[in-house]
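This report concerns only the one structure given below.
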Amino acid sequence: MNHESTLKYFKLLARIFGITHSYTDLWGIKRQCQPEQIKNILNAMGLQVQNLTDAKEIIRNLKKEKYQRILAPVRVISETEENIEINCYLSEDKLNATIFWQLTYENGEIEIGEIQPTDLTAKGFRIFSAKRYFKFKLVLNKKLPLGYHKFNLKFSNSESPQHLIIVTPNTCYLPTEKKKYNGLSVQLYSLRSATNWGIGEFLDLKPLINALALQDGDFIGLSPIHAISINNLDYICPYSPHSRKQLNVFNINLDEVAEYQKATEIQALIQTPEISEQINRLRNSELIDYPQVKILKLKIFKELYNNFLTQHFMYNTEPAQEFESFITSGGLTLERYALYEALTEHFITLNPELRGWCSWSSEYQAPETETVVNFAKTHRREIDFYKYLQWQAQRQLTNVQTYSKEKGLSLGFYIDQALSADRNGSDIWAEHKMYALGASIGCPPDAYAPQGQNWGFPPVTPSAMFQNQYQTFIETLRVNMQYAGAIRIDHALSLYRLFWIPNGQGADSGLYLKYQFEDLLRILCLESMRNKCIVVCEDLGTVPDGFRKKMEEKKMLSYKVLFFMKKWDGGFEENNAYPFLSLVTGTTHDMMTLWGYWLEVDLDERLRLGWLNEESFKTEKENRKQEKLALIKLLQDNKFLEKDFNLEAGEVDEYVSFNLEETKSVIDAIQLPVEIFDAIQHFLLATPALLNVLPLEDLTGQTAQVNIPGIVDEYPCWRNKIPLNVEDILEAAEEECQKSC
2 MNHESTLKYF KLLARIFGIT HSYTDLWGIK RQCQPEQIKN ILNAMGLQVQ NLTDAKEIIR
62 NLKKEKYQRI LAPVRVISET EENIEINCYL SEDKLNATIF WQLTYENGEI EIGEIQPTDL
122 TAKGFRIFSA KRYFKFKLVL NKKLPLGYHK FNLKFSNSES PQHLIIVTPN TCYLPTEKKK
182 YNGLSVQLYS LRSATNWGIG EFLDLKPLIN ALALQDGDFI GLSPIHAISI NNLDYICPYS
242 PHSRKQLNVF NINLDEVAEY QKATEIQALI QTPEISEQIN RLRNSELIDY PQVKILKLKI
302 FKELYNNFLT QHFMYNTEPA QEFESFITSG GLTLERYALY EALTEHFITL NPELRGWCSW
362 SSEYQAPETE TVVNFAKTHR REIDFYKYLQ WQAQRQLTNV QTYSKEKGLS LGFYIDQALS
422 ADRNGSDIWA EHKMYALGAS IGCPPDAYAP QGQNWGFPPV TPSAMFQNQY QTFIETLRVN
482 MQYAGAIRID HALSLYRLFW IPNGQGADSG LYLKYQFEDL LRILCLESMR NKCIVVCEDL
542 GTVPDGFRKK MEEKKMLSYK VLFFMKKWDG GFEENNAYPF LSLVTGTTHD MMTLWGYWLE
602 VDLDERLRLG WLNEESFKTE KENRKQEKLA LIKLLQDNKF LEKDFNLEAG EVDEYVSFNL
662 EETKSVIDAI QLPVEIFDAI QHFLLATPAL LNVLPLEDLT GQTAQVNIPG IVDEYPCWRN
722 KIPLNVEDIL EAAEEECQKS C
């Protein structure tokens, strides 16, 4: 078989499915992809490509499907576009018939018209099964309003599939008020309080909102509050959630549930010595005990749900009607999420090892199977229980959001949206045809992770997104934007490309796949405007050329982290290097805290994990010392820190001459002086960036890193609590306010 011919068709398939032939890594080295890599990625999509014959057959079928569909699934255009061109594909038997078109506007209005194929501009034809199919250009002579409009063609005895026309603004939303917006970022689960059950709850945000309001703050930033697995006790990662379209029900505060306030028997149960002692233990533990928190809360949740059924649902009370309305508005997405949770509970009860759909028998591995449909009919009460929990979570989050606005936080919440969902979660199960289950998302080797990273969750395929009319993307944005004045798109480079790693292979075997960048940006603009939600794109890592320029054109904010803002010589960037269209912060959840950075806790951890040997550890320690000196110099040059600051004493009331050479011997042996911490915050506040975020971990002096990427058992990722109760933080803010007043 001709090798060159095979390679030609493999490359053609790669181009069709967005597989890049090469990429430039962080060190400037161009990495060329090999034919075997292309084949592995195509097979990860489920295409079963082994040879030239397979490749030719797939290409032919793709062309045949395109022509026989009549209209493409979707087109995304600008609000300024007129005379909208639509490609349509007609078989030869339809060329002499009158064809009616129908345009259904988003508001429900319908417009119809008719066309003659002979009046259209022909753009070529193909022959499939001895039948000719012609490509025509159809022009709608009109300008459509912003939104989602449906277009299709009607024939004498059939009609075409729907063609969705998405009309978008040219930029995202930005507030008209000319000011800098300041906020506090929070890992909600990590909050300590006098009332929670060992994991942060929605109600715990109120003291932080009050504290921030005293300082004229504008928003609370929340790490992903997506749904984590309810019945899989060990699964906790907020960035690889069960579902990005539902909320984490363990953030529910039981005191705020109406049914609990009137259920004296449930209150009595909680006050028994056994349970009250367990609550106190969980509340006071240093780390979050997820399994025990889940077991305890789930037990009380079920008691509350049973109470709701007997007190409200049976009598169709006002709360019952509100719940029914919530179920209706949640639609198929909510139904499938709740159905999946009910199935998970069912299987784990039978066998604790059956923790997700990948381990279930085939008849349960899709929501449309007859077996699953029958399960849904016979387990309605169990399914509605999980809808009830989502209802309670949504009510509480909405109430806290309203409270933040009442207290003067102009943006309310700034919410983080995760890149994807857990492979064994409900989102993937409900829409598994959208995903390439033979691959995982990650990133190529770089200075931060020399071995590369494999994040474990499967990527959405670009072609499936297009065939799906981008509905999954749109719905995920809407669900998260409804609670937010600003949203952070985690790993926003995925809008342009994603690094795919075939299952069972290392990150160095991965390849980039391109996505419908312009379409996705435009949809982001539309949903941003509609929800009055600022868009922040996390653009760290290997950033392709032109990506940030396109973000700027669309008025999306770049994500600027102090420790990544370095000059070529190792020094820190000056104040004016931070653009107006950016969010600035000292550090992130995947990095050391400011206090941990200064004490070099992160380097100690890397040594313990074996990521550094003794020699490289010493080198990194010396590099860190130089970084600290460079940071101090930056703060002094910009007059945020006194020139004669006594670093060793950590005080400014006893001034001594500050000498960099003398400081080298002590700089890595002392805690971060408050004066330097304050200087860093004032430096960031003085940047032109529109949004400024202070992580709560830094405010409370935490040294432990929130998460170390790529670690599961060797470090308590996502389990560290902040060192102070939220009530103490509010009290400190009130005292500070009284002093300043």
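Residues in the sequence shown are numbered consecutively from 2, following the numbering used here.
We put the beta carbon where it would ideally sit given N, CA and C, even for glycine.
Taking 8 Å as the threshold (C-beta atoms), are residue j and residue i in contact?
i	j	result
F458	Y497	no
L692	V544	no
A690	L642	no
V75	Q454	no
I221	L398	no
A437	A45	yes
V250	L390	yes
A343	Y387	yes
Q247	Y341	no
L147	P170	yes
Look at the alpha carbon of residue i and the alpha carbon of residue j, and state the distance between them as a whole number of angstroms.
i	j	result
V675	P710	29 Å
K722	L288	6 Å
T7	T21	17 Å
G702	H313	47 Å
D423	K640	47 Å
V294	L283	7 Å
L189	F518	32 Å
F659	H243	In this prediction, F659 scores a pLDDT of 33, lower than 50, which makes its location untrustworthy; the coordinate-derived value is nonetheless stated afterwards. Taking the straight line joining both Cα atoms gives about 53 Å.
Q706	P460	27 Å
Y404	F152	42 Å
I668	S191	Note that I668 scores 43 on pLDDT, short of 50, meaning its location in the model is unreliable; the coordinates nonetheless yield the value given after this. I668 and S191: Cα-Cα distance of roughly 30 Å.
I167	V602	49 Å
I384	E346	10 Å
L63	A321	49 Å
S277	I231	22 Å
N285	D205	15 Å
E698	H380	43 Å
F565	D217	28 Å
I328	K378	16 Å
E655	D645	Below a pLDDT of 50, predicted positions are generally treated as unreliable, and E655, at 31, falls in that range; no measurement from the model is reported.
T172	M530	8 Å
T588	T704	12 Å
Q272	G19	59 Å
L419	L525	Rather than Leu, the amino acid found at residue 419 in this sequence is Ala. Between A419 and L525, the C-alpha separation is close to 15 Å.
T350	R382	17 Å
Can you tell me the Cβ-Cβ gap for residue i and residue j, rounded? I've got them flagged as a contact below 8 Å.
i	j	result
M482	I475	Wrong, their Cβ atoms sit about 11 Å apart, outside the cutoff.
I87	L141	7 Å
L512	C34	5 Å
N425	G357	3 Å
Who are the near neighbours of residue i in its chain, counting only those whose CB is closer than 6 Å to its CB and skipping five residues on each side?
i	result
Y144	In the sequence under discussion, the amino acid at residue 144 is Lys, which differs from the Tyr named in the question. Counting only Cβ-Cβ distances below 6 Å, and skipping sequence neighbours, we find E83.
A733	none
D94	none
E202	N252 and N254
W599	L673
S161	I71, L72, N153 and L154
I85	L141
G571	none
If I measure Cβ to Cβ from residue i and keep anything under 8 Å in the same chain, skipping five residues before and after, which residues do I get?
i	result
R479	E528 and N532
R607	L613, F618 and E621
I113	F101, W102, Q103 and L104
Considering only residues of the same chain and omitting the five flanking positions on each side of residue i, which have a CB-CB separation below 7 Å?
i	result
N688	Asn is not the amino acid found at residue 688; the sequence shown has Thr there. So the qualifying residues of the chain are N576, Y579 and V585.
L661	Since pLDDT at L661 reaches only 36, below the 50 mark, its modelled position is unreliable, and no value is offered.
F348	L355 and W361
D509	P446 and G453
L53	M2, S6, T7 and Y10
K57	Y10
C534	Y174, M482, A485, G486, A487 and I488
L121	F137, K138 and L139
D55	Q49
F467	P74, V75 and Q517
Which ranges would you report for the beta strand (DSSP E) in the segment 84-162 if only whole runs of at least 3 residues count?
-> 85-92, 100-105, 111-116, 122-129, 132-141 and 148-155
Output the residue ranges of the alpha helix (DSSP H) runs that lie fully inside the segment 492-560 and measure 4 residues or longer, sorted by chain position.
-> 518-532 and 548-554
What residue ranges within the segment 155-228 form continuous beta strand (DSSP E) runs of no fewer than 3 residues, ordered along the chain?
-> 164-169, 182-187 and 220-223
Give, in chain order, every unbroken run of the beta strand (DSSP E) that is at least 3 residues long and sits entirely within the segment 42-88.
-> 75-79
Could you tell me which uninterrupted alpha helix (DSSP H) segments, each at least 4 residues in length, are contained entirely in the segment 577-607, listed from first to last along the chain?
-> 595-600
Inside the segment 369-394 only - alpha helix (DSSP H) runs reaching at least 4 residues | 371-379
Whole alpha helix (DSSP H) runs in the segment 443-476 with 4 or more residues, listed along the chain?
-> 463-468
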